[in-house]
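Numbering (my numbering), first residue to last: 1 to 511.
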Ligand SMILES: [Zn+2]
């Protein structure tokens with residue numbers, strides 16, 4: 001039975017992620033306000049995390065993968081399996097993970113590791129295990145390998161974790177293969193229907209020399225996930241006589257590494273510059289917009305369409321110019337600027353799509369009403385916040401009409417939210433591209449906070465945890481996207497007040 005390759009989602013179109021196995025948004029089951037995880041269809045799944053729980057139990061294997069060429073450590077894995085299968089009578093009670101090694105007699109342990117320990121490089125590297133006090137089988141390693149050297153053996157241990165940190169890396173898959181083989185060959189705990197045995201298990205038995213590795217590796221990994229529950233004595237099995245295992249050391253191991261090892265944090269030395277050419281171009285186009293304002297103005301009376309359209313364009317440009325003048329375009333504040341430019345574009349495009357004097361007026365009156373609301377709210381306090389210029393606010397609130405005649409709309413100005421407005425204006429694609437991730441920055445959501453002020457500690461023995469960044473971390477510049485949005489605003493301006501030709505060209509990625 002040949003398994004059909006998983007159908008790629010037609011919703012994932014980015015070429016960089018064409019081969020990813022991610023489930024698209026459309027394929028997530030929707031439950032009320034939640035997009036449930038694709039695995040939720042299977043009911044509650046017990047997730048044993050590779051890093052936190054599984055890796056501390058296979059450290060001796062990880063050390064060998066870091067210290068020896070692959071062909072040699074794979075050969076060793078075979079000798080260990082053979083020794084357990086052929087020369088240890090209690091083989092069915094045993095696994096090769098640390099909690100089980102801890103229960104072995106000296107004789108059992110020495111029989112299994114005889115050939116490994118006969119190899120000088122392997123034996124030397126395994127001394128690193130003696131740096132770990134929380135290892136439940138430390139007493140065996142104390143017997144069979146030499147004292148560790150503080151400097152070099154910490155680095156062996158760090159490399160071991162680094163190589164196996166990704167649960168799908170080659171070294172991790174090799175380790176997971178050894179775990180699966182122990183269950184199949186030594187414990188004889190898993191039995192398979194003949195067809196499955198032929199198609200799936202035969203290549204695993206001959207790993208890594210038989211079958212298409214693109215299929216063999218994932219089947220090793222999924223079998224290993226199934227076997228992981230055997231590593232704890234909580235799971236009773238009638239077939240296997242259970243040894244009394246020491247309490248699990250995963251948490252204690254990571255805690256010990258945290259206490260004994262220092263963080264490794266690199267300061268960023270790269271500081272993005274202002275984009276001088278870009279600023280010049282932005283300013284030139286801004287001047288052209290300003291000139292076009294005078295050419296197209298027809299009255300000194302309040303003109304919601306004319307002032308609104310030019311105002312929105314200039315407002316968007318202002319944010320981008322300020323971001324480009326300094327380094328803000330490549331930092332979190334640039335994301336806030338882009339978020340605002342996007343919203344200004346959606347608003348302008350909605351107004352253009354409707355192009356109805358009532359709606360232009362509604363946009364303007366709503367804004368004046370908001371100024372009135374902010375003004376009156378601030379009058380409640382004895383002192384207003386320092387950034388609020390109350391006299392200016394009063395002037396804005398009273399500019400079109402005396403404030404006392406002004407109603408205040410408490411909802412959205414068009415009785416729509418931004419998403420619906422983008423939808424009605426036919427620019428939902430712009431909203432989808434720019435809204436979510438930029439809004440995260442405006443709202444201080446965790447992923448944006450993490451992206452802005454935290455970096456990864458590079459000490460593998462710290463599980464690549466997050467620590468404060470010692471220097472600001474630049475991000476991809478917002479200017480290429482700002483250029484796209486501003487040019488669309490200039491297109492809209494050209495439609496409302498033809499003709500306006502200048503467009504931005506120079507704010508590209510290499511700008
Ligand atoms: Zn650290």
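For glycine and all other residues, C-beta sits at the position ideal for the given N, C-alpha and C.
Does DSSP put residue 598 in a helix, a strand or coil? The requested residue 598 is not part of the displayed model; the chain covers only 1 to 511.
Which residues, in chain order, sit with a beta-carbon under 7 Å away from any heavy atom of ligand 1? 263, 264, 457, 459, 462, 465 and 467
Who are residue 35's beta bridge partners in DSSP? 30
Helix, strand or coil for residue 105? Go by DSSP, reduced to three states. Of the three classes helix, strand and coil, the one that applies to residue 105 here is coil, per DSSP.
What does a CB cutoff of less than 7 Å around residue 231 pick up in its chain, not counting 5 residues either side in sequence? 57, 95, 97 and 99
What does the Cβ neighbour count give for residue 153, buried or exposed, with the cut at 16 atoms within 10 Å? buried
Along the chain, which unbroken stretches of the beta strand (DSSP E) at least 3 residues long are found entirely within the segment 304–339? none
In the DSSP output, which residue or residues are listed as bridge partners for residue 468? For residue 468, which the question treats as bridged, DSSP gives the partners 454.
For residue 140 and residue 126, I'd like the C-alpha separation in whole angstroms. Distance between the alpha carbons of residue 140 and residue 126 is about 11 Å.
So, for residue 454: in the same chain, excluding its five sequence neighbours on each side, which residues have a beta-carbon less than 8 Å away from its beta-carbon? Excluding its 5 nearest sequence neighbours in each direction, residue 454 has C-beta neighbours in its own chain below 8 Å: 466, 467, 468 and 469, listed in chain order.
Nearest residue (CA-CA) to residue 278, options 36, 51 and 479: 479
By the three-class DSSP mapping on this structure, what secondary structure does residue 100 have? For residue 100, the three-state secondary structure derived from DSSP is helix.
What residue range is occupied by the uninterrupted alpha helix (DSSP H) comprising residue 395? 390–398
Taking only runs of the alpha helix (DSSP H) that begin and end inside the segment 216–262, which ones reach a length of at least 4 residues, in chain order? 250–260
Contacts around residue 483, its chain only, beta-carbon distance under 6 Å, and the 5 residues preceding and following it disregarded: 504 and 507
Would you tell me roughly how many angstroms separate the C-alpha atoms of residue 137 and residue 191, rounded to the nearest one? Answer to the nearest angstrom: the Cα atoms are 30 Å apart.
Residue range of the alpha helix (DSSP H) that residue 79 falls in? 70–87
Taking the alpha-carbon positions, what's the residue 414 to residue 395 distance? 24 Å
For residue 274, report the span of its alpha helix (DSSP H) as first-last. Per DSSP, residue 274 belongs to no alpha helix (DSSP H) and is neither H nor E.
Ignoring anything shorter than 4 residues or poking outside the segment 356–427, list the alpha helix (DSSP H) runs there in chain order. Runs of the alpha helix (DSSP H) inside the segment 356–427: 357–379, 390–398 and 418–424.
As assigned by DSSP and simplified to three states, the class of residue 501: coil
From residue 359 to residue 353, what distance separates their C-alpha atoms? Between the C-alpha atoms of residue 359 and residue 353 there is a straight-line separation of about 11 Å.
Three or more C-beta pairs closer than 8 Å, one from the segment 362–371 and one from the segment 391–409: is that the case here? yes
Could you compute how far the alpha carbon of residue 472 sits from the alpha carbon of residue 271? In this structure, the alpha-carbon of residue 472 lies about 8 Å from that of residue 271.
Is it buried or exposed, residue 3, if we count other Cβ atoms within 10 angstroms and call 16 or more buried? Any answer about residue 3 is weak, because its pLDDT of 43 lies below 50 and its placement is not dependable; what the coordinates show is given next. Exposed, by the Cβ-count rule.
Kindly list the residues whose CB is nearer than 7 Å to the CB of residue 121, restricted to its own chain and excluding five residues on each side of it in sequence; keep chain order. 67 and 68
Residue 166 (DSSP reduced to helix, strand or coil): coil
Nearest to residue 481 by CA position, among 147, 193, 431 and 495, is which residue? For residue 481, the closest of 147, 193, 431 and 495 by C-alpha to C-alpha distance is 431.
For residue 76, which option in 117, 381 and 211 has the closest C-alpha, if you only look at C-alpha atoms? 117
Outcome for residue 551 when other beta-carbon atoms lying within 10 angstroms are tallied against a minimum of 16: No answer is possible for residue 551: the residues shown for the chain start at 1 and end at 511.
Which of helix, strand or coil does DSSP assign to residue 58? coil
Measure from the alpha carbon of residue 255 to the alpha carbon of each residue in 9, 498, 285 and 462, then state which is nearest. Answer by Cα proximity: 462.
Residue 494: first and last residue of the uninterrupted alpha helix (DSSP H) it sits in: 479–496
Helix, strand or coil: how does DSSP classify residue 13 here? coil
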